[in-house]
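Student: Chains as they are written, first to last, in my numbering: chain A, 622 to 947; chain B, 21 to 316.
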Amino acid sequence: MKDSNRDDALDPLLRQAAKSLDGERPSSACFEPDELAAWADGSLSSSDVTRLEAHAAACARCRALMVAMVQTAPAADESRPAWWKAPVLRWAAPLAAAAAATVIWVNVQRGDPLEQQAPADAAPRVEEQDRSVREPVPPPTAKADATAKQQAAAAPPDAPARRESFEAKREETRQQVAAKPDAVPPGTVPPPSAQAAQERVFDQTARPTLSAIQQVLLASPDGSVRWRVRPGVAERSTDAGASWEAVALPVQVPLTVGQCVTAEACWLAGAAGTILRTTDGRTWTAVTSPSPADIRSLSASSPLDATVTTSDGRTFVTTDGGKTWR
Amino acid sequence: MTGRRRLPERLVADLAHRARADRWHLSAVAFEAALVRSAERGLGDRAAEDAEVERYLSGLHLEDLALACACAEGSEAAWDHFVSEFRPVLYRAASALDPSGDRELADSLYGDLFGTRERDGERQPLFTYFQGRSSLATWLRAVLAQRHVDRMRAARRVEPLPEEHTAQALRARPDELDPDRARLLPLAWAALRMAIAALAPRDRLRFACYYADGMTLAETGRVTGEHEATVSRQLTKTRAGIRTQVERHLKDEDGLDDLRARRAIDFLVEDAGAHDLAEWMGRKKTTDDRSTAEDT
């Protein structure tokens, strides 16, 4: 029997095996209405969501509760809040508009608006979205003040149409530029001017690199300090983003999640279990990592207390600034 | 948070103002008690700093919390408001859960919300369990969902046992005389269960929704917050990963060689059909009634 056929033949087997692993009776870990409702509203922390999902994976009753919540969702909220309704993103509204403009500019340049995006939301923390895990579904309501980020991050079914429109627009602009007597030859960077800036958007040679797109935006709870972090580069602003000061990072790996707990204290984490912390807003130091796996989410409540979840689904907590984890 | 703590008056006053608690003439003491209950529930037993407590409380659905608290306190104005605003929510949810049923599920909830049950002579309104971490409407749906699911599961438990629990159904299949099968099949089953149990929480939840609960890709995606295409892709990846893990376990942990490991998986696949014993018994009866009679 070939492997591909065996996979299909395994489906009945997998059904039996999955059912056999369900717990027989409700346990103390089963969802209370308060927790279930917070899950449905998207107001649980990522670590709590992971914990709930781990329990529901082995509890038929709690899965049935999840299904019931999805079934009873009102028409204006037909699907469970997807990634953009996570608590971190709800808190990020003040910075969403500014970051969204960056996202749109960058993605127009790339021509793939739904590919790698800079996380546009921040304050107090931002996680880079792992599209391989979560796919966005259309927002349930279209509010008048919806940010460009939310529109750019619309459901995948919109993606092909949007890509086509960007490609068409790029080609149209190229033709317009070429038709002008003083058109800039293709492949060169035009002089800095308003029109040139517009044309450069569609110049393939000026495409930003992937690393330039993937960046983490952080802000302190009071909004007085902001960080933007790319692989190997961190910049700090104390004037609402008007100017940025480079700050050295001790590692050169991709850092994808972070949170600022005060104006001086921030956490960052990312590839290969890397976790960094600053307590003075100037110096980042690497703390002991609980795991070599990529860090997928980080939640911190103080310079000493943080919770991380790894790519293999494990959660670790520190209460001593990362010296020890449990 | 351990024990009952007092919140700063300034904070309680600020939160009460944001919650518009004065609409229901809700006392500061009652509102503070609701805030403290919520903080203790949401932040757990650890000693949280004041700033963290304030951040947590500021993120609550404060207006809903004040309404629920006022209803629990017996405010008629709050109760009237609740009935007019939230009864449609409950009826819609009940209808979604059981389109053929009447509103009995929703109506029965009203009594518990207001507190018709008593414990030790004291009224115990269900509203006191609302913590404000979600909207009141979502919490009501969750309470309704819990009652509906528990009622359905209780009804299922009183149904007669299916045939696979009869002695006839449990009799071994003739080809289980194969000694290899008798030895390899339990190993393969154990390896399969271990491979599934070792999945990451999200992968395992998706797997359980699709295989254990028989949900469609779209339904599974609504639970996990993923697009249908992502669910399909991830399930395919999970399935392939499980097969790889089962083989690895059989070889590395159980010491089987390649041939025996593949035989074990073949036995597993064949065995999957046999586990649907009702269907198997049905086929056996229609094709060979005489052998069935001889089995008894």
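Idealized CB from N, CA, C, for every residue including glycine. Source: prediction; values computed, not measured.
Per DSSP, what are the beta-bridge partners of A/T883 in this structure?
Tutor: As a first step, residue 883 of chain A must be located in the first sequence, where it is residue number 262. The partner list for A/T883 (beta bridge, DSSP) is empty, contrary to what the question assumes.
Student: For B/L80 and B/T264, I'd like the C-alpha separation in whole angstroms.
Tutor: Taking the second sequence and counting its residues from 1, one reaches residue 80 of chain B at position 60. Taking the second sequence and counting its residues from 1, one reaches residue 264 of chain B at position 244. Those two C-alpha atoms are separated by around 45 Å.
Student: If we cut at 7 Å on Cβ distances, does A/A907 have a partner in chain B?
Tutor: Counted from its first residue, the first sequence places residue 907 of chain A at position 286. Not an interface residue.
Student: Indicate whether the contact test is met: 3 or more Cβ pairs, each with one atom in the region 34–54 of chain B and one in the region 77–93 of chain B, closer than 8 Å.
Tutor: These segments touch.
Student: Looking only at its chain, what residues have a beta carbon closer than 6 Å to the beta carbon of B/Q151, apart from the 5 residues adjacent to it on each side?
Tutor: The sequence position of residue 151 of chain B within the second sequence is 131, counting from 1. So the qualifying residues of the chain are S58 and R61.
Student: Please decide whether B/D200 counts as near chain A, where near means a Cβ-Cβ distance under 7 Å.
Tutor: On the second sequence, position 180 is the one that residue 200 of chain B refers to. No, B/D200 does not count as interfacial toward chain A.
Student: Check whether chain B comes within 7 Å of A/S664, counting only Cβ atoms and requiring the distance to be less than that.
Tutor: On the first sequence, position 43 is the one that residue 664 of chain A refers to. It does: the Cβ of A/S664 has a partner Cβ on chain B nearer than 7 Å.
Student: Under 7 Å between C-beta atoms, does A/K640 make it to chain B?
Tutor: Looking up residue 640 of chain A in the first sequence gives position 19. With 7 Å as the cut-off, A/K640 counts as an interface residue toward chain B.
Student: Determine the extent of the alpha helix (DSSP H) in which B/S252 is found, giving its start and end residues.
Tutor: One-based indexing of the second sequence puts residue 252 of chain B at position 232. That run of the alpha helix (DSSP H) goes E248 to D272.
Student: Going along chain A in order, which residues have a C-beta closer than 7 Å to the C-beta of B/Q151?
Tutor: Here residue 151 of chain B refers to the residue found at position 131 of the second sequence. Within chain A, the residues near B/Q151 are D655.
Student: Any idea which residues DSSP pairs A/G599 with across the strands?
Tutor: Outside the displayed span of chain A (622 to 947) sits residue 599 of chain A, for which this structure offers no information.
Student: Is the beta carbon of B/A165 sitting closer than 7 Å to the one on A/L686?
Tutor: Against the second sequence, residue 165 of chain B aligns to sequence position 145. Against the first sequence, residue 686 of chain A aligns to sequence position 65. Yes, these two residues count as a Cβ contact at 7 Å.
Student: Taking only three categories from DSSP, how would you classify A/L665?
Tutor: Within the first sequence, residue 665 of chain A is the residue found at index 44, counting from 1. Note: A/L665 maps to coil in three-state DSSP.
Student: Using the Cα positions of A/A658 and B/D132, report the straight-line distance between them to the nearest angstrom.
Tutor: Taking the first residue of the first sequence as position 1, residue 658 of chain A is located at position 37. Taking the first residue of the second sequence as position 1, residue 132 of chain B is located at position 112. Answer to the nearest angstrom: the Cα atoms are 18 Å apart.
Student: Can you name the residues of chain B whose CB is closer than 8 Å to the CB of A/R947?
Tutor: Against the first sequence, residue 947 of chain A aligns to sequence position 326. Correct list: empty, because the minimum Cβ distance to chain B is about 13 Å.
Student: On a Cα-Cα basis, can you pick out the residue from A/L839, A/G663 and A/S923 that is closest to A/T939?
Tutor: The residue labelled residue 939 of chain A in the question sits at position 318 within the first sequence. Checking every option, the nearest Cα to that of A/T939 belongs to A/S923.
Student: If I measure Cβ to Cβ from A/W598 and keep anything under 8 Å in the same chain, skipping five residues before and after, which residues do I get?
Tutor: Absent from the model: residue 598 of chain A. The displayed extent of chain A is 622 to 947, so no value can be given.
Student: How far does the beta strand (DSSP E) with B/R43 in it reach, from first residue to last?
Tutor: For the purposes of this step, residue 43 of chain B is identified with residue 23 of the second sequence, where counting begins at 1. Taken as a continuous stretch (DSSP letters only), B/R43 belongs to no beta strand (DSSP E), as it is neither H nor E.
Student: Could you pull the DSSP bridge partners for A/L839 from this structure?
Tutor: Residue 839 of chain A sits at position 218 when you count from the first residue of the first sequence. Partner(s): A/W848.
Student: What does the Cβ neighbour count give for B/E267, buried or exposed, with the cut at 16 atoms within 10 Å?
Tutor: The residue given as residue 267 of chain B occupies position 247 in the second sequence. By the 10 Å Cβ count, B/E267 comes out buried.
Student: Can you pull the DSSP bridge partners for A/A907?
Tutor: For this step, residue 907 of chain A is matched to residue 286 along the first sequence. Paired residue(s): A/L897.
Student: Between B/T236 and chain A, is the shortest Cβ-Cβ distance under 7 Å, so that the two count as touching?
Tutor: To locate residue 236 of chain B, count along the second sequence from 1; it is residue 216. False, the Cβ-Cβ gap to chain A never drops below 7 Å.
Student: Answer yes or no: does any C-beta atom of chain B fall closer than 7 Å to that of A/P829?
Tutor: Residue 829 of chain A sits at position 208 when you count from the first residue of the first sequence. Residue placement at A/P829 cannot be trusted, given a pLDDT of 40 that sits under 50; what the coordinates show is reported in the next sentence. Chain B, which has no Cβ nearer than 7 Å to the Cβ of A/P829, makes this no.
Student: Let me check one thing: in DSSP terms, what residues is A/T859 bridge-paired to?
Tutor: Here residue 859 of chain A refers to the residue found at position 238 when the first sequence is read from its first residue. DSSP, once it has assigned bridges, lists no residue as partnering A/T859.
Student: For a cutoff of 7 Å on Cβ pairs, would you count A/S920 as touching chain B?
Tutor: Numbered from its first residue, the first sequence carries residue 920 of chain A at position 299. Taking Cβ atoms only, chain B never reaches closer than 7 Å to A/S920, which makes this a no.
Student: Once the 5 residues before and after B/R222 are set aside, which same chain residues still bring their CB inside 8 Å of it?
Tutor: Residue 222 of chain B sits at position 202 when you count from the first residue of the second sequence. The residues are T244.
Student: For the region 278–288 of chain B and the region 200–207 of chain B, state whether three or more C-beta atom pairs, one from each stretch, are separated by less than 8 Å.
Tutor: Enough Cβ pairs lie closer than 8 Å, so yes.
Student: What in chain B is Cβ-close to A/P695, meaning under 7 Å?
Tutor: Locating residue 695 of chain A in the first sequence gives position 74, counting from the first residue. Chain B residues near A/P695: R112.
Student: Report the option in B/V251, B/L31, B/L110 and B/A175 whose CA atom is closest to the CA atom of B/Y130.
Tutor: By 1-based counting over the second sequence, the position of residue 130 of chain B is 110. B/Y130 has its Cα closest to that of B/L110, out of B/V251, B/L31, B/L110 and B/A175.
Student: Counting pairs of beta carbons, one from the region 636–654 of chain A and one from the region 227–244 of chain B, are three or more of them closer than 8 Å?
Tutor: Because the criterion of three Cβ pairs below 8 Å is met, the region 636–654 of chain A and the region 227–244 of chain B touch.
Student: Do the CB positions of A/A884 and A/V837 come within less than 7 Å of each other?
Tutor: The count along the first sequence starts at 1 and reaches residue 884 of chain A at position 263. The count along the first sequence starts at 1 and reaches residue 837 of chain A at position 216. No; because the gap between Cβ atoms is not below 7 Å, this pair is not in contact.
Student: Take B/R153 as the anchor and find which of A/R672, A/A661 and A/T671 has the nearest alpha-carbon.
Tutor: By 1-based counting over the second sequence, the position of residue 153 of chain B is 133. Among A/R672, A/A661 and A/T671, the Cα nearest to that of B/R153 is on A/A661.
Student: Tell whether a beta-carbon distance below 7 Å holds between A/V874 and A/G894.
Tutor: The residue you call residue 874 of chain A lines up with position 253 of the first sequence. The residue you call residue 894 of chain A lines up with position 273 of the first sequence. No; because the gap between Cβ atoms is not below 7 Å, this pair is not in contact.
Student: So B/L212 and B/R280 are supposed to be a Cβ contact under 8 Å. How far apart are they, rounded?
Tutor: The sequence position of residue 212 of chain B within the second sequence is 192, counting from 1. The sequence position of residue 280 of chain B within the second sequence is 260, counting from 1. Rounded, the Cβ-Cβ distance is 16 Å, inconsistent with contact.
Student: Just to confirm before moving on: does the CB-CB distance between B/L207 and B/D278 stay below 7 Å?
Tutor: Counting from one through the second sequence, the residue named residue 207 of chain B turns up at place 187. Counting from one through the second sequence, the residue named residue 278 of chain B turns up at place 258. Not in contact: B/L207 and B/D278 (Cβ atoms no closer than 7 Å).
Student: Could you work out which residues of chain B lie near A/D933, taking near to mean beta carbons separated by less than 8 Å?
Tutor: The residue you call residue 933 of chain A lines up with position 312 of the first sequence. Simply A220.
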